[in-house]
Structures are given as structure tokens and as C-alpha cells.
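S.K.: Take this structure, written in C-alpha cells, and hold onto it; I'll ask about it next.
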Amino acid sequence: MKRLVLLISLVLMISAYGWGQFEEPQITGDDFEKVKVSVGADFAMQYQVLDHYADSALIPLGTGFNLPTANLVTEAILAPGIKVNLTTYLSARHHNEAWVKGGYLIIDKLPFINSDKVDHIMDYLTLRVGDMEIDYGDAHYRRSDNGHVTSNPFVGNYIIDAFTTQIAAEVLFRSNGFLLMGAISNGTLKPALTGYSTTAGYTAYDAHKELAYYWKAGYDKQLNDDLRLRLTLSGYHSPKNHFGSLYYGDRAGSRYYLVMNRVTNNAADVDITKNHLSGNWGPGILDKDNSLMLNLYTEYKGLEFFGTYETLNGTLLSSAETKFNQYAVEGLYHFGGKDQFYGGVRYNYASNDADQSISRIQAGAGWSIVDPILIKLEYVNQKYTNFISNYGSEAGFKGVMFEAAISF
């Protein structure tokens, strides 16, 4: 606890503003004239200089460029207060070919219902429905998403990465800083009607029996010219699913390529599409999942802090129970005439009920050359504790990552 308090104090002292975007603001629709389509894109490329070590045999790691990744984002305003989004991964570590991440509809107004009462209600409500990145917790707003990395001041994401796309419907209420969101989803990024295994044979899956429910409650307000405060608590509850994907939903892959890959004398050892979440950790696919995430974000006269505490209790597909906990604290300091430079630090710690743990320190710096162009430099040091059967008594990786990105 003393170490956590010290780290939080350190981060608060060196932090600044810049990454405070969460839910999209409401679309008023006042200026709507006709359907408007916009096309954007995200590009990212890294140069990796990492070393890894363990008491077991690991593959040798070279230094060089990782696979460049890219997203294509298409949006359209269809009617006053109604927008559609479609995001495509053009190239990703896990899937080198183009494929759709997801698409969704945002409804902030109901222009097809001529009612002043309905219009007044919609002043406070936002509806979002589709196959989409679900809004569980606030940490997913500060992560890299394939080619889109400008929302993450560092290169790597969190050790336990609560991120998935699912078929879902969300209702968000916002008023005077208070927010409350309730949602329902199919609980998985891989919807299926029937499954097959050599042991169980064929199994029919019924979507109405595998529904997941998630929510968020919080407060987010600019209290005065100098101080902004955001505090949220989120929950995700999935009683049963054939492929619960909250902690196995990143189809793009981690930024730390091939780290901690063990020697098995197989071509898969060096295939970047295999073990695409290298450097991450978590329960994987869950049959049952009850998770909570607490997030705190503050800005004061340019000082910024973001903290995460997360706990999950679940059941693996093998029916074994599992528990994980995670916390992270981070902050940044911007400087320069237009605050175009920044430096920052993130500390991340995760553990499970088997007395295993991983700690990671990321120290980074960046330069926003112009608004759409960002370059980053990160030092990362990650250590594994009690992964005896995997790596022996001592294991980890460390080194430097350089990343360049364009988003427009």
C-alpha cells in the first residue's frame, strides 16, 4: 500500500493534461442539412529494441520495425442527431489482411418522432447500438487500437486489457456532470449458433441464454476554469457464455512483438500472428465473468492523473474458478509553446489467486508535430513473479519502443 501511495503521489506531481477524451459529446443536429460522409484513417509503426529473459529457453529477439498497422474510419451523419460509424482494420498483427472491427449507430435525437417531450428527454440520453467496442470502464479510452494510437500516451496497453467488440445496445444518461449507463450484449466477439468438439460433439448456442450486462455510473465535470474531476465505477456481468471475450477481445494484438515466446522448435515460435497478446496477461476466454473497474481522472491547472483499479471473478471454460486484480497509475507533463511535447510515467501491477503477479513500468515521451502526427519513445520494464512452470524463478523483458503515428 505504501508503494501504491508513493507512486500515485509521484504521478500527480509530474502530470499534465492532454488525454481527457471519454464518451463522445452529444450531436445536436441543429446544423443538419443533408447526409454527410467523412472518411478518416489511422497509421502506426513501431521500432522495437527489447530483450527478454527467463530461466527457461526463450527465442532470440532482434531489433527492427514491427508490422505497420492501419485503420479506416468511415462516419456519416444520417439525420439530425443520428450518426453511423464503421471501422476497418486494414492491417493488424493478428490478421494481416483487412477486416471489419465493427460498426454502430449513435442516436442523440429522434427527429422522426414529432414530440417536444421526446426531444426534451433526448437532451439527456444517448443510444448506441451495433457490433462495437463496449463501454466497460474508462481504461479502454486510453489504449492503442491497432492503427489508432493517439489516445494512448504510451506504446503498450495495460497488462490486463479489458477490451472487446460485441453486439450490444447501450443507453447513456448525462446531466450536470452525472452519468449513468446501462447496456446488454451477446457477451462475445464470436457469435455462433453451434459449436463442435471431439469430446462433447455438437452444442447448440442460444443467444438469449448467453446475454451479458454491463453498466457505468460516475461524475465528470469541469468544476471551474482550473479543475476537472471524473470518477466512474463500471461493472460487467456474464452468467454464461461459450466464448466470453472481455479479456480476450483484442484481435489486433499487443505492441510488444514476440516477447516471452518460449523455444518449441516450431515455426509458430516466430509467427507474429500467434501468441498475438504477448506481454499481456489475463484469464483469457471465460464461461462466467463478474468484473468491476474503478477509474479516477483529474486535471488541475494542467496537472493530469488517471488511475485504474480492477477486479474480476470468473469461471474458465474448464469450469475452474479464477480471480484477478489490477491497478495502474499514470500521468503526463506537457511542455513547449503549444504543449506539443510531453513526458510521463505509468505503473501497472496485476495478480491472480494463484499468487502469480506481473509488474510493469513504462516511462515515455512524445512530440505532437502537428495535431494529426505524433511520435513516441517509451522505456518499458516488465517482471514476472511465480510463473515457475512457464519461465522459472526469474523472467521479464525490458527495452525501448519507438512509435510514429498519423490520425485524421
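Numbering (this note's numbering), first residue to last: 205 to 612. Ideal Cβ placement from N, Cα and C applies to all residues, glycine included.
Determine the contact status of Q566 and N590, defining contact as a CB-CB distance below 7 Å.
M.R.: No. Outside cutoff.
S.K.: Could you say if the region 341 to 359 and the region 286 to 305 meet the contact criterion of at least three C-beta pairs nearer than 8 Å?
M.R.: Verdict: yes, contact present.
S.K.: According to DSSP, is N470 helix, strand or coil?
M.R.: Residue state, collapsed to three classes: coil.
S.K.: Residues in its own chain within less than 7 Å of V215 by CB, not counting five upstream and five downstream?
M.R.: For V215, the predicted structure reports a pLDDT of 39, less than 50, and the residue's modelled location is therefore unreliable. A value from the coordinates is still provided. Answer for V215: F509, V533, E534, G535, V549, listed in chain order.
S.K.: Cα separation between A599 and L290?
M.R.: Using only the alpha carbons, I get a separation of about 41 Å.
S.K.: Give the secondary structure of Y345 by DSSP, where H, G and I count as helix, E and B as strand, and everything else as coil.
M.R.: In the structure shown, Y345 sits in a helix (DSSP, three-state: H, G or I).
S.K.: Measure the alpha-carbon distance for A608 versus K580 and round it to whole angstroms.
M.R.: Answer to the nearest angstrom: the Cα atoms are 6 Å apart.
S.K.: Counting along the chain, where does the beta strand (DSSP E) carrying I565 start and finish?
M.R.: Taken as a continuous stretch (DSSP letters only), the beta strand (DSSP E) holding I565 covers 561 to 574.
S.K.: Span of the beta strand (DSSP E) holding K305?
M.R.: Looking at the DSSP string, the run of the beta strand (DSSP E) that includes K305 is 303 to 311.
S.K.: Nearest to T267 by CA position, among M605, S523, S611, F612, is which residue?
M.R.: Taking only the C-alpha atoms, the option nearest T267 is M605.
S.K.: Could you tell me whether the region 458 to 467 touches the region 252 to 269, using the rule of 3 or more Cβ pairs below 8 Å?
M.R.: Yes, since at least three Cβ pairs between the region 458 to 467 and the region 252 to 269 fall closer than 8 Å, the two stretches touch.
S.K.: Using a Cβ-Cβ cutoff of less than 7 Å, which residues in the same chain neighbour L314 once the five nearest sequence positions on both sides are dropped?
M.R.: Closer than 7 Å at the Cβ level, and outside the excluded window around L314, lie V322, M326.
S.K.: Nearest-angstrom Cα distance between L383 and K587?
M.R.: The straight-line gap from Cα to Cα measures roughly 37 Å.
S.K.: Along the alpha helix (DSSP H) that carries Y595, what are the first and last residues, could you check?
M.R.: Start and end: 592 to 595.
S.K.: If we cut at 7 Å on Cβ distances, does D575 have a partner in chain D?
M.R.: In the displayed structure, chain D is absent; only one protein chain is listed.
S.K.: For the region 363 to 373 and the region 382 to 398, state whether three or more C-beta atom pairs, one from each stretch, are separated by less than 8 Å.
M.R.: The region 363 to 373 vs the region 382 to 398: in contact.
S.K.: Would the beta-carbon of I281 fall within 7 Å of that of K240?
M.R.: Yes, they are a contact pair.
S.K.: My assumption, with CB atoms under 8 Å, is that L490 sits in contact with Y451. Please give the rounded CB distance.
M.R.: Right, the Cβ-Cβ distance comes to about 7 Å (below 8 Å), so this counts as a contact.
S.K.: Identify whether A411 lies in helix, strand or coil by the three-state DSSP scheme.
M.R.: Helix.
S.K.: Is the distance from the Cβ of G603 to the Cβ of D255 below 7 Å?
M.R.: Their beta carbons are under 7 Å apart, which means G603 touches D255 by this criterion.
S.K.: Is the separation between the beta-carbon of G518 and that of F358 shorter than 7 Å?
M.R.: Their beta carbons are not under 7 Å apart, which means G518 does not touch F358 by this criterion.
S.K.: Would you be able to state if there are at least three C-beta pairs under 8 Å between the region 329 to 340 and the region 299 to 318?
M.R.: Cβ pair count under 8 Å is three or more, so yes.
S.K.: For S458, which of E514, N445, K478, G439 has the nearest alpha-carbon?
M.R.: Ranking the options by Cα distance to S458, first place goes to K478.
S.K.: Looking at the structure shown, is I325 part of a helix, part of a strand, or coil, going by DSSP?
M.R.: Three-state DSSP puts I325 in a helix.
S.K.: Cβ of T526 within 7 Å of Cβ of L520?
M.R.: For T526 and L520, yes; Cβs fall inside 7 Å.
S.K.: CA-CA distance, D619 and Q530?
M.R.: This structure gives no information on residue 619, because the portion of the chain shown stretches from 205 to 612.
S.K.: What residues in its chain sit with their C-beta under 6 Å from that of V277, if we drop five residues either side in the sequence?
M.R.: Cβ neighbours of V277 beyond the five flanking positions: G244, T291.
S.K.: For Y537 and T502, what's the separation of their Cα atoms in angstroms?
M.R.: The straight-line gap from Cα to Cα measures roughly 13 Å.
S.K.: Which residues mark the beginning and the end of the beta strand (DSSP E) in which F226 is found?
M.R.: It is not in any beta strand (DSSP E) - F226 carries neither H nor E in the DSSP assignment.
S.K.: Go through its chain and collect everything with a Cβ distance to S449's Cβ below 6 Å, but skip five positions before and after it.
M.R.: Counting only Cβ-Cβ distances below 6 Å, and skipping sequence neighbours, we find T368, T392, L393.
S.K.: So M605 is in the beta strand (DSSP E); what residue range does that whole segment cover?
M.R.: 599 to 611 is the extent of the beta strand (DSSP E) around M605.
S.K.: Locate the beta strand (DSSP E) running through F382, then write down its first and last residues.
M.R.: Element bounds for F382: 382 to 389.
S.K.: Could you compute how far the alpha carbon of Y417 sits from the alpha carbon of D342?
M.R.: Rounded to whole angstroms, Y417 to D342 spans 17 Å at the Cα level.
S.K.: Go through its chain and collect everything with a Cβ distance to A411's Cβ below 6 Å, but skip five positions before and after it.
M.R.: Cβ neighbours of A411 beyond the five flanking positions: N390.
S.K.: Taking the beta strand (DSSP E) that W419 belongs to, which residues open and close that run?
M.R.: First-last of the beta strand (DSSP E) with W419: 416 to 426.
S.K.: Could you check what DSSP says for L581 in three-state terms: helix, strand or coil?
M.R.: The answer is strand: DSSP assigns L581 an E or B state.
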